[in-house]
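Asks: Structure incoming, see below.
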Amino acid sequence: MRRLISPSRSAVFPTRAVSVLTALAGALVAALVFAPGMLATRGRDSGLADRNNLVDDLCDAFIGYWHSGKEQYSPDLERVVDYWFRYNVVKGLIASVLLIVLVALGSLLWRTFLRDGGPGRVRRIALVAAGVSVVWFALFALWTAVASLQGAAAPFASILPLLGDASNGALADTVDQIKQQLTDSTGGSERTRPALEGIVSDYVRFHVVREIAAVPIAFAFMGASVMSWNTFARKGSTDRRTRRVLVSFAVSSTVFSLFFILIFVVNRATAADPNPGLLNFFNGSW
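According to this note's numbering, the sequence shown is numbered sequentially starting from 4.
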């Protein structure tokens with residue numbers, strides 16, 4: 004009789020849904036690592052999927068672009084930049100789908116944790132650990148999606164950090180010339196090369212995109228924080244588990260909203276005055 008009154012709590016655990024979402028998330032993580040390079044290549048760009056080839060081709064193309072004296076990309080640089088654009092589009096789409104799956108999985112796990120009023124300390128700890136892990140993976144997916152959006156909007160600026168992996172004497176000379184041009188242009192003592200104007204404009208676009216993307220994300224976290232605090236205030240003092248979870252979500256959402264506000268402020272300042280940031284970039288802050 005007691006068994007009929009107190010059924011096993013594992014019977015209400017959404018095993019199938021959690022298993023499907025977990026498997027889907029795992030497949031998307033693997034796709035995030037391997038798919039962008041493969042799907043972004045086409046025809047003669049197939050070698051760019053290899054990182055070493057990509058760095059070498061970028062290095063040679065960048066040096067040629069700088070010495071061309073033109074703001075318009077050279078054919079070699081345009082080929083690399085187009086590949087990087089496609090790479091980021093694919094990566095951003097995968098990251099966005101992964102984020103949706105992780106939000107659904109996390110919501111399912113936390114709802115299960117809050118409904119689970121039966122015995123089983125280990126089970127509850129496992130649910131909390133799984134829920135927290137999914138939240139962190141979701142934040143990673145969100146950051147990856149934003150970074151990919153930047154990469155697609157400003158592919159030239161976003162691929163430049165790969166130059167830090169190159170070991171080329173000609174590249175070092177080119178970077179020295181760029182740094183001198185940036186220093187001179189900051190002081191207003193010399194007209195900049197058209198190629199530098201192309202670098203600066205894409206660098207500005209890169210930060211403007213991050214600045215714009217930070218705004219709705221900050222508002223979303225702010226809204227989640229307000230909703231969590233309001234729900235917390237309506238909950239009775241006896242529902243301690245739910246209140247603890249709501250406080251955790253409210254505080255975390257507040258912290259993340261402040262973080263993205265900071266990202267907005269920093270990127271707005273950089274976009275308004277790009278030369279110092281770009282100079283630091285070429286000084287080694289890849």
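The beta-carbon is built from N, C-alpha and C at its ideal position, and this holds for glycine as well.
1) Using the Cβ count rule (16 or more neighbours within 10 Å means buried), how would you classify ALA144?
2) Which value, in whole angstroms, describes the spacing of the CA atoms of LEU96 and ALA198?
3) Is it the case that the Cβ atoms of SER228 and SER251 are separated by a distance below 8 Å?
4) Measuring alpha carbon to alpha carbon, tell me which residue in PHE88, PHE267, ARG247 is nearest LEU152.
5) So, are the CB atoms of VAL83 and ILE162 less than 8 Å apart?
6) What is the rounded straight-line gap between the Cα of THR18 and the Cα of TRP146?
7) Exposed or buried, THR186, counting other C-beta atoms within 10 Å across all chains shown (16 or more means buried)?
8) Do the stretch 34-43 and the stretch 92-112 touch if we need at least three Cβ pairs shorter than 8 Å?
9) Would you report the Cα separation of LYS73 and ALA221, rounded to the nearest angstrom?
10) Below 6 Å CB to CB, which residues in the same chain sit around VAL178 once its five sequence neighbours on both sides are set aside?
11) Please look up how many angstroms separate the CB atoms of LEU105 and VAL131, rounded, as I've assumed it's under 8 Å.
12) What did DSSP end up calling THR44 once you bin it into helix, strand or coil?
13) Quick check on the burial criterion: 16 or more other C-beta atoms within 10 angstroms. Buried or exposed for VAL218?
14) Taking buried to mean at least 16 other C-beta atoms within 10 Å of its own C-beta, is ASN270 buried or exposed?
15) My output table needs one value for MET230: the three-state DSSP class, helix, strand or coil.
16) Which residues bound the alpha helix (DSSP H) around GLY72?
17) The alpha helix (DSSP H) with PRO279 in it runs from where to where?
18) Just the C-alpha distance for ALA157 and TRP139, rounded to the nearest angstrom, thanks.
19) Tell me whether GLY109 is buried or exposed, calling it buried when 16 or more other Cβ atoms sit within 10 Å of its Cβ.
20) Answer with buried or exposed for LEU265, where buried requires no fewer than 16 other C-beta atoms within 10 angstroms of its C-beta.
Replies: Concretely, from the data shown:
1) Buried, since its Cβ has 16 or more Cβ neighbours within 10 Å.
2) Computed Cα separation, rounded: 31 Å.
3) In terms of Cβ geometry, SER228 and SER251 do not form a close pair [threshold 8 Å].
4) The option with the nearest alpha carbon to LEU152 is PHE88.
5) Yes, the Cβ-Cβ distance between VAL83 and ILE162 is below 8 Å.
6) Between the C-alpha atoms of THR18 and TRP146 there is a straight-line separation of about 29 Å.
7) With fewer than 16 other Cβ atoms from the protein chains shown falling within 10 Å of its own Cβ, THR186 counts as exposed.
8) Segments in contact, yes.
9) Answer to the nearest angstrom: the Cα atoms are 39 Å apart.
10) Residues PHE285 of the same chain have their beta carbon placed closer than 6 Å to that of VAL178, with the five preceding and five following residues left out of the count.
11) Not really, about 16 Å apart at Cβ, beyond 8 Å.
12) Coil.
13) Counting Cβ neighbours within 10 Å, VAL218 comes out exposed, since fewer than 16 surround it.
14) Buried is the call here.
15) The three-state secondary structure of MET230, taken from DSSP, is helix.
16) GLY72: not part of any alpha helix (DSSP H); DSSP gives it neither H nor E.
17) Here the alpha helix (DSSP H) through PRO279 covers 277-285.
18) Note on geometry: alpha-carbon atoms of ALA157 and TRP139 lie some 27 Å from one another.
19) Buried, since its Cβ has 16 or more Cβ neighbours within 10 Å.
20) It is exposed - the Cβ of LEU265 has fewer than 16 other Cβ atoms within 10 Å.
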